[in-house]
Amino acid sequence: MTIDTPRYLAEIDRVWNEISDTLEEQEIDVDAYVIGSVFTIENADKAQVIINRQEPKHELWLASTAGASHFSYDPEKDDWINTADQQSSFWYYLDLALNAIGVPKLFSDKY
């Protein structure tokens, strides 16, 4: 199911804000910043998790040493779903990616 661009951008903002807020609330020792369409989370060793807004495809891309995945928003599930298996949540893969750079699971309540 596709969504229009304004809804897509709003959902991206919601995800990025939730990640930023959670990292701050949990006092996780990483740098998190957005430059253009890329949200980067970096630990003290410079290991990174990259979350990329792919506006032309209305997708969210995630890359880290744990691997790379693409996600599309499913309004019925109110979740970003892996485009490869059509069922796994973005939040599961984000926890795997963050764990690979030394961050504990933060989002397990979402998957």
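Taking the UniProt record's numbering, the leading residue of the sequence shown gets 1, the next gets one more, and so forth. The beta carbon of each residue, even a glycine, is placed where N, CA and C say it ideally should be.
Using 8 Å for Cβ pairs, my map puts Val-49 next to Ile-41. What's the rounded Cβ distance?
4 Å
Would you call the CB atoms of Val-30 and Asn-52 closer than 8 Å?
The answer is no: Cβ separation not under 8 Å.
Between which two residues does the beta strand (DSSP E) carrying Asn-52 extend?
48-54
Length of the line joining the Cα atoms of Ala-32 and Ser-20:
If I take the Cα positions, the gap works out to 7 Å.
His-70 versus Gln-87, Glu-25 and Glu-24, residue with shortest Cα-Cα distance
Gln-87
Measuring CB to CB, does Trp-91 end up less than 8 Å from Lys-77?
no
Alpha-carbon to alpha-carbon, Asp-74 and Ala-66
24 Å
Is it the case that the Cβ atoms of residue 128 and Ala-97 are separated by a distance below 8 Å?
No answer is possible for residue 128: the residues shown for the chain start at 1 and end at 111.
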